[in-house]
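The structure under discussion appears below in the form of structure tokens.
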Amino acid sequence: MTSSETAVQDIRQTEARSEESALSRQATSLFVQNDAEAFLQRVQNTLAGRTLEAQGVLPSLTISDARTPHATPVARPGENGAQDRTVFTTAETDAPPTPRRWTMAINLASSGGVDVDGQRRPIGADSKINEILALAERTRDTPVTLYVQATLPLPTEAGPDGSILTNQRDQQVATYRIENGQVTMLERQPTQGAQRDIERLLERASQRAGDGNLGLILQSHGFASGGIGGDSGEVNLPQLEAAITNGLRQSGRTAVDVLNFDSCSMGDLNVMEAMQGEARHIVGSAELERAFGPDVDGQNMRATLGALLENPNLTPAQYATRSIELARAGANDDAGNIRNTQAGTETLAHFDQSRYPQFASSLDTLGAVLTDIVRDPSRREAMLGVIGGLRAFGDESARSGNFTADRRDLGTFLNGLESRFADGSLGTATPEITEAIRRTREELRNFVRDYHGEPYQGYNQMSGLSVFLPTRELLNVDDQIRANSPSQMMLDSLTSDGKQTRFSSRENLAESMTYSAIAIGQFADTAQMTAAIARIRNAGDEAAFGQAITALREQVETFQAGPDFQRLVEAGRAENLTRRDRVYDEQLHHVPPQWRGFLDAFRGR
Numbered sequence: 063m064t065s066s067e068t069a070v071q072d073i074r075q076t077e078a079r080s081e082e083s084a085l086s087r088q089a090t091s092l093f094v095q096n097d098a099e100a101f102l103q104r105v106q107n108t109l110a111g112r113t114l115e116a117q118g119v120l121p122s123l124t125i126s127d128a129r130t131p132h133a134t135p136v137a138r139p140g141e142n143g144a145q146d147r148t149v150f151t152t153a154e155t156d157a158p159p160t161p162r163r164w165t166m167a168i169n170l171a172s173s174g175g176v177d178v179d180g181q182r183r184p185i186g187a188d189s190k191i192n193e194i195l196a197l198a199e200r201t202r203d204t205p206v207t208l209y210v211q212a213t214l215p216l217p218t219e220a221g222p223d224g225s226i227l228t229n230q231r232d233q234q235v236a237t238y239r240i241e242n243g244q245v246t247m248l249e250r251q252p253t254q255g256a257q258r259d260i261e262r263l264l265e266r267a268s269q270r271a272g273d274g275n276l277g278l279i280l281q282s283h284g285f286a287s288g289g290i291g292g293d294s295g296e297v298n299l300p301q302l303e304a305a306i307t308n309g310l311r312q313s314g315r316t317a318v319d320v321l322n323f324d325s326c327s328m329g330d331l332n333v334m335e336a337m338q339g340e341a342r343h344i345v346g347s348a349e350l351e352r353a354f355g356p357d358v359d360g361q362n363m364r365a366t367l368g369a370l371l372e373n374p375n376l377t378p379a380q381y382a383t384r385s386i387e388l389a390r391a392g393a394n395d396d397a398g399n400i401r402n403t404q405a406g407t408e409t410l411a412h413f414d415q416s417r418y419p420q421f422a423s424s425l426d427t428l429g430a431v432l433t434d435i436v437r438d439p440s441r442r443e444a445m446l447g448v449i450g451g452l453r454a455f456g457d458e459s460a461r462s463g464n465f466t467a468d469r470r471d472l473g474t475f476l477n478g479l480e481s482r483f484a485d486g487s488l489g490t491a492t493p494e495i496t497e498a499i500r501r502t503r504e505e506l507r508n509f510v511r512d513y514h515g516e517p518y519q520g521y522n523q524m525s526g527l528s529v530f531l532p533t534r535e536l537l538n539v540d541d542q543i544r545a546n547s548p549s550q551m552m553l554d555s556l557t558s559d560g561k562q563t564r565f566s567s568r569e570n571l572a573e574s575m576t577y578s579a580i581a582i583g584q585f586a587d588t589a590q591m592t593a594a595i596a597r598i599r600n601a602g603d604e605a606a607f608g609q610a611i612t613a614l615r616e617q618v619e620t621f622q623a624g625p626d627f628q629r630l631v632e633a634g635r636a637e638n639l640t641r642r643d644r645v646y647d648e649q650l651h652h653v654p655p656q657w658r659g660f661l662d663a664f665r666g667r
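The opening position of the sequence shown corresponds to residue 63 in the working numbering, with each subsequent residue numbered one higher.
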């Protein structure tokens, strides 16, 4: 058994022992109820009891609240006209009492829940705060400090109609320091927005780090070129750059040693370009991170942070690689094998930012030699064939509405280029093209120092780095309009085998068809459609219902084959081109210039 497998086995055993512990069941519940003080006390009691049971002695573990007695109430104005509220800040300084080898700042920004065996279980920030605070005892006598900042779940109340009401202005964040076996609540206050919250966390952690290594883990939703977001708001990539730079300024640092995105889709070229100068090593996934139960929730924080507590002498490069090794060993997988084709991280890679300039240069050269191919109409189609032939990421990985960009792994794109040049469909590869592909592959391997892809859906054949590659579907706006037209939606519903086309659901079907017919009515006479919809609604038996569905389907198909449907397409073209270009442009904000030119050539620019 390898050291990684042993570590994962130990993690799983620890998780099994703690699964039904008071910390998991009661402390998390208190956290979800937004009762940070009671939560802190529960952690203290539970950890003390667990250590007492295991060792037969009462530990000297101390959990305190730094806001008292040294805290000073400070009146802060409420947002958007809300009443002033009093928050507590601590007067303590964050200079380390002893040198820190590692200081890790963890921002838990996105909470949620899933149904497991009929019970609602917390995921994201709600569960990861529990995992991290439970590591407190392992920090004793180690030169490692953990700073944890978590958005507290919004307080809720039932509205007059039974709906659940929340108020975003009441969003709170709590900050803890875990060091030498002690958990200290440093601050709890209303969020100042996602960007400022990250800055404040780094201000504290970077002071504590001194000359030691500094890491930042960002647990959030990830949108690749669109940045990240959570319960306290979103930050785009320039705002994230600013948050890191500003958060480090007082410490004299310019970059964190490791930036770990416990987020979807952040193993992306735009992210790497944007984070140049802000992070020396990056850990991230090109695919969605999954969360569907107590065992699978993105990256396993017990494993990721436990590796650092086990060996504080890890260099930043070694620690980033260790995160990939743990994923490869199954730390982020479903321990119960309930879903053996889904893991918390189906892809995970370590990016060495010191190698990014060389990689970006090679990619830029590749873009330059491929641009002329795309400007040749026949070879452009062959290039789109290369992209269309790539293995896709998960269906839901495209985050731009209907404009999908899910065939985007750079390594498999390079493979596709070589294959199409070899069979002649892209023409003959010049020596410059051959060398550009070879050099890009070499620099990609240097840049992606380690990669794990799960052994299904082709993830293990990918490279770990996502790049925007336009597909025919993205470029052909008319096809997008047709696929999302009200008439196509009608046909999709009328030809499905789902509950919509059941006789018992005829009223709901008629209602949805009516809305679509109204939209079509801007371009065609829909009197016959309306009559068929009425027959669906009023059908007295299965036979009449089926006949009405057939009649409506034929009328919709006739509309789609005629000139009125083409008018619908033409009417939507300008709006959809604008929307397509907005999505397209977002993908080009942070890429090398000649690579951008290659991508722009697909749309005739």
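We put the CB at the ideal spot given by N, CA and C, even for glycine.
| query | result |
| --- | --- |
| Is the CB-CB distance between A304 and Q257 below 9 Å? | yes |
| Closest to T433 by C-alpha separation, out of G659, S189 and S172, would be which residue? | G659 |
| Quick one: which unbroken alpha helix (DSSP H) runs of 4-plus residues sit fully inside the region 468 to 537? Chain order, please. | 472 to 484, 493 to 509 and 534 to 537 |
| Helix, strand or coil, according to DSSP, for S578 in the structure here? | helix |
| Could you check which residue in I168, V631, P252 and R644 has the C-alpha nearest to that of N546? | V631 |
| With a 10 Å radius around its C-beta and 16 neighbouring C-beta atoms as the bar for buried, classify L109 as buried or exposed. | Residue confidence is low: L109 scores 43 on pLDDT, short of 50, so the model does not pin down where it sits. No coordinate-derived value is stated. |
| In terms of alpha-carbon separation, which member of E443, I611, A605 and T165 lies closest to N375? | T165 |
| Go ahead and label P625 buried or exposed: buried means 16 or more other beta carbons lie within 10 angstroms of its beta carbon, across all protein chains shown. | exposed |
| Does the separation of the CB atoms of T307 and D259 fall below 9 Å? | no |
| When the Cα atoms are used, what is the spatial distance from T640 to K190? | 40 Å |
| Please classify D471 as buried or exposed, where buried requires at least 16 neighbouring CB atoms within 10 angstroms. | buried |
| What ranges does the beta strand (DSSP E) occupy inside the region 336 to 387, keeping only unbroken runs of at least 3 residues that lie completely in it? | 341 to 346 |
| Is it buried or exposed for P439, if we count other Cβ within 10 angstroms and need 16 for buried? | exposed |
| Looking at C-alpha atoms only, which residue of G368, A444 and E497 is the closest neighbour of D426? | E497 |
| CA-CA distance, E648 and P252? | 31 Å |
| For the alpha helix (DSSP H) containing P161, list its first residue and its last residue. | Careful: P161 lies outside any alpha helix (DSSP H) and carries neither H nor E. |
| Given this structure, state the Cα-to-Cα distance separating S327 from R315, to the nearest angstrom. | 27 Å |
| DSSP on R461, reduced to helix/strand/coil? | Summary for R461: the model assigns pLDDT 39, below 50, so the residue's position carries little reliability, and this model does not support an answer. |
| Between A317 and Q244, is the Cβ-Cβ spacing less than 9 Å? | no |
| Go to L302, then tell me how far its alpha helix (DSSP H) extends in each direction, as first and last residue. | L299 to L310 |
| Assuming G329 and L527 form a contact by the criterion Cβ under 8 Å, report the distance between their Cβ atoms to the nearest whole angstrom. | 6 Å |
| Just to confirm before moving on: does the CB-CB distance between T383 and R507 stay below 9 Å? | no |
| Does E458 pass the burial test, meaning 16 or more other C-beta atoms within 10 Å, or should it be called exposed? | With a pLDDT of 44 at E458, under the threshold of 50, the modelled position of that residue is not reliable, and the figure given next carries that caveat. E458 should be labelled exposed. |
| Let's test the definition: count the other Cβ atoms within 10 Å of the Cβ of P517 and tell me whether it reaches 16, buried, or not, exposed. | exposed |
| When we look at the beta-carbon of L123 and count the other beta-carbons within 10 Å, is it buried (16 or more) or exposed? | Bear in mind that the predicted position of L123 carries a pLDDT of just 38, short of 50, making it too unreliable to give a figure here. |
| Would you grab the beta carbon distance between P161 and G274 for me? Rounded to a whole angstrom, and I think it's under 8 Å. | 6 Å |
| On the three-state DSSP scale, how would you describe Q415? | helix |
| Of the residues A623, L661 and Q211, which one's Cα is nearest the Cα of R437? | L661 |
| I'd like to know if the region 289 to 302 and the region 165 to 174 are in contact, where contact means that at least 3 CB-CB pairs between them fall below 8 Å. | yes |
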